[in-house]
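Okay, so here's the structure we're looking at.
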Amino acid sequence: MKFRNSVAQIHTTGYDRGMYLVRKAPILRDLAHRSVLLLGPRRVGKSAFIRNEVHADRVYDLLHADVFQRLAARPSLLREELQPSDRVIVVDEVQKLPALLDEVHACIEERGVRFLLTGSSARKLRRSHPSLMAGRAKSRTLGPFVSAEVPDLDLERALLYGMLPPVVLSDDPWDELGTYAGQYLQEEIRAEALARNVEAFSRFLHTAALTNATVVSFESVARDAQVPARTVREYYQVLSDTLVGHLVPPLAVGSERAVRKAISRSKFYLFDLGVTHRILGRRSLPPGSDEYGRAFETFVALELLAWSAYHGQGQELRFYRTREGVEVDLVLEDVGVEVKTATLATEHDARGLVVLEEVFPMRRRLLVTRDASPRRLHVRGVEVEVLPWREFLGQLWNGDL
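Residue 244 in numbering that gives the first Met the number 0 sits at position 245 of the sequence shown, with consecutive numbering throughout.
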């Protein structure tokens, strides 16, 4: 119960400071000057953030039936109820009522009010109000906990059960994950107008979970899920739009010959390891197994994706793999990151970083492992840093990477 106990202490130790540095600061900084569209999957803490950190003059929660019905019948109430002293207005789950954004737009332009608009999907908003999405509201995302928010992180539990806040704080994480997965299928997918074939999407989601941390072939997934390839592409887009999945594109590097040799398909990561394993019914991760290795890579990838979203100023995460199978798991700008579960990494583990260096010179070449201490390898004249996972994550969130 070490992990549970350490999390229980978060609220009285470093939790507030960690939350502020990692997730709150960029959003609050933006909201001080402009409107913000805050997107994230369900139950990652958007409502708690509004309650505890946003000093709003008015909050409209569209999950409340009475609030939704009142504004759906008369969207202009948003503007009519506005007081001269109001400066910050919150509309929670705004994607449920896209028509309300016309009033939001008018209030921003005519009254100088700042809005915090939250939701779990940008699909409807992009279709109905592209101008708002394009610049009048700064887009931000909120995901599950990251390592910087959980002192004394238990890696084994995080790899199996993930980092969703209610799961981290639960005495029965498996049951909590089951509830979450069920709610996602029943609520989120229906909300995205896919209810006509929830059974097909359920088959796809199971197959997609199997492809976690792998390069996606839409055709193969379509065959396995018994769903047309065109529909599979749409389903992956739904996962991306609802921030439940991430498609990481390949890195194109070097000469035309090098570009032709690098594969062109994207790598897929579900947003949380616990949700992935609950969908698959996977209740254990034996060390040394392929599943353990993919979970460890996903854990590092999700930390990098979160850092990029909160602090990365547009840096896009990529990966590199040649048709011969030489691979670098993750590349962020000019930093290559290869993830290995080894407890004593060797020169062989650094092969992909050395090959990539030949066509794409990097500022740092990192081998993230379960080694006990950091060290350096020199392979064919290329320096590779071996970083234990805690050291790597410490550098990442301290801004030293």
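The C-beta atom is built at its ideal place from N, Cα and C for all residues, glycine as well.
Check: Run through DSSP, which three-state label would ARG256 get?; Outcome: Only weak support is given to the placement of ARG256: the predicted model assigns it a pLDDT of 48, under 50, and the question is left unresolved by the model.
Check: Could you pull the start and end residues of the beta strand (DSSP E) that ALA136 belongs to?; Outcome: 136–140
Check: On the criterion of 16 or more Cβ atoms from any shown chain inside 10 Å, does GLY351 qualify as buried, or is it exposed?; Outcome: buried
Check: For ARG369, which of SER84, GLY287, PHE203 and ARG122 has the nearest alpha-carbon?; Outcome: GLY287
Check: Under the assumption that VAL166 contacts LEU176 (Cβ atoms under 8 Å), give the Cβ distance between them as a whole number of angstroms.; Outcome: 6 Å
Check: Using the three-state DSSP reduction, which class does GLY335 fall into: helix, strand or coil?; Outcome: strand
Check: Tell me, which residues are paired with GLY244 by DSSP?; Outcome: LEU269
Check: Can you check DSSP and say which residues form a bridge with SER34?; Outcome: ALA136
Check: GLU92 by DSSP, collapsed to three states: which one?; Outcome: coil
Check: What's the call for HIS245, buried or exposed, on a 16-neighbour Cβ count within 10 Å?; Outcome: buried
Check: Mind checking THR12: buried by the 16 CB within 10 Å criterion, or exposed?; Outcome: Note on THR12: pLDDT 36, under 50, position unreliable in the model; no value is reported.
Check: Would you say PHE270 and VAL243 are within 7 Å of each other, going by their C-beta atoms?; Outcome: yes
Check: Could you check whether VAL381 and ARG344 sit closer than 7 Å to each other, using their CB atoms as the reference points?; Outcome: Sequence inspection shows Ala at residue 344; the Arg mentioned does not correspond to that position. No. Outside cutoff.
Check: Taking DSSP as the reference, what is the three-state secondary structure of SER233?; Outcome: First, the amino acid is wrong: residue 233 is Glu here, not Ser. Three-state DSSP puts GLU233 in a helix.
Check: Straight-line CA distance for VAL6 to PRO150?; Outcome: Per-residue confidence for VAL6 stands at a pLDDT of 40, beneath the threshold of 50, marking its modelled position as unreliable; no derived number is given.
Check: Taking only the alpha-carbon atoms, compute the straight-line gap between LEU116 and THR213 and give it to the nearest angstrom.; Outcome: 34 Å
Check: DSSP three-state call for GLY118: helix, strand or coil?; Outcome: strand
Check: Are the CB atoms of VAL338 and VAL367 within a distance shorter than 7 Å?; Outcome: yes
Check: Count the other CB atoms, across all protein chains shown, that sit within 10 Å of the CB of ARG73; report buried if there are 16 or more and exposed otherwise.; Outcome: exposed
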